[in-house]
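Oh and the sequence shown: position 24 is 5 in my numbering, straight run, nothing missing.
Where a beta carbon is used, it is the ideal one built from N, C-alpha and C, also for glycine.
Since the model is a prediction, treat every value here as computed from it, not as a measurement.
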Amino acid sequence: MAIKEQVGVVVSDKMNKTVVVAVESRSPHGKYGKIVVRTKRYKAHDEENLCKEGDRVRIQETRPLSRTKRWMVAEIFNRESKS
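See the structure below:
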């Protein structure tokens, strides 16, 4: 069984050891063919609280860690610099 992975942007880091990651999926509309962008938000485990808002991250599926948390941060691609 392959491990499911998604790439998205951190939209909230206010919780302890948890971040909210927004993942966009683009697909054509069934009837009209226009590209439709859908956003799904996942709660992901971030053990060392390294992620900040705006970071692009890769998350992977894991066992249930809480009622809503079933993903964990696998890699941080690029950090958003706040100046």
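Test item: CB-CB of residue i and residue j under 9 Å
i	j	result
D36	N59	yes
A25	K(-5)	no
P143	V17	The question about residue 143 has no answer here: the residues shown for the chain are numbered -18 through 64.
Beta strand (DSSP E) segment containing residue i, residue limits
i	result
N65	The requested residue 65 does not occur in the structure, where the chain is confined to residues -18 to 64.
T43	Where T43 is concerned, there is no enclosing beta strand (DSSP E), given that its DSSP letter is neither H nor E.
Residue nearest to residue i in terms of C-alpha spacing, selected from the options
i	options	result
V(-9)	N30, S8, P45 and P9	N30
Q(-13)	K(-2), K12, E5 and S47	E5
R22	K12, G11 and T(-1)	T(-1)
Whole-number beta carbon distance between residue j and residue i, since they are thought to touch under 8 Å
i	j	result
R44	A55	That pair is no contact at about 15 Å.
E34	I(-16)	No, E34 and I(-16) are not in contact; Cβ-Cβ is about 26 Å, not under 8 Å.
Beta-carbon proximity list for residue i, same chain, < 6 Å, skipping 5 on both sides
i	result
K12	none
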